Amino acid sequence: MILSLYAKNCDICNEKPAKFVCPKCGRYVCEDHYSERREACSACVEALCDVCRTALATSRCVLCGRKVCHNCAIELDEVRKVCSNCFTTYGTDVRKDPKFSGLLGV
Numbered sequence: 002m003i004l005s006l007y008a009k010n011c012d013i014c015n016e017k018p019a020k021f022v023c024p025k026c027g028r029y030v031c032e033d034h035y036s037e038r039r040e041a042c043s044a045c046v047e048a049l050c051d052v053c054r055t056a057l058a059t060s061r062c063v064l065c066g067r068k069v070c071h072n073c074a075i076e077l078d079e080v081r082k083v084c085s086n087c088f089t090t091y092g093t094d095v096r097k098d099p100k101f102s103g104l105l106g107v
């Protein structure tokens, strides 16, 4: 959303007047800290899921380290998750594969 009044400074740099409100987090940001292509502020762009690049990440894949959102993560147990890419690559045997036993604590 583009602001019509520029009374507030950017929540990220606190120097330039805010011209946008990030639809993902609600931050008021200047032109330098807003990506119109991604429709998000620079903080949210950094926190986007590495798989879908649309939702904010909530965890990391225990195999490759990618940031993943709730929709792109497959739970191995209550704590550990793998991204949908690794799950597709390694299949359902990822829980039993000996080469991942150290990473997964199996």
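Count along the sequence shown from 1, then add 1; that gives the number in the working numbering. Just so you know, even glycine gets a beta-carbon here, dropped at the ideal spot from N, CA and C. Keep in mind it's a predicted model, so treat the numbers as computed, not measured.
- Annotation for Cys26: Cys45 place their beta carbon closer than 6 Å to its own, counting only its chain and skipping 5 residues before and after.
- Cβ contact annotation for Arg67 (same chain, cutoff 6 Å, sequence separation greater than five): Asp51 and Cys84, in chain order.
- When DSSP reads this structure, Ile13 sits in no beta bridge, so it has no partner.
- Under the DSSP assignment, Cys84 falls in the beta strand (DSSP E) whose first and last residues are Lys82 to Cys84.
- Here DSSP, grouped into helix, strand and coil, assigns Ala74 to strand.
- Contact annotation: Ala48 and Cys23 have beta-carbon atoms that are not nearer than 8 Å.
- Taking all protein chains shown into account, Val80 has fewer than 16 neighbouring C-beta atoms within 10 Å of its C-beta and is therefore exposed.
- Non-local beta-carbon contacts of Arg39 in its own chain, meaning distances under 7 Å to residues more than five positions away in sequence, involve Val46 in chain order.
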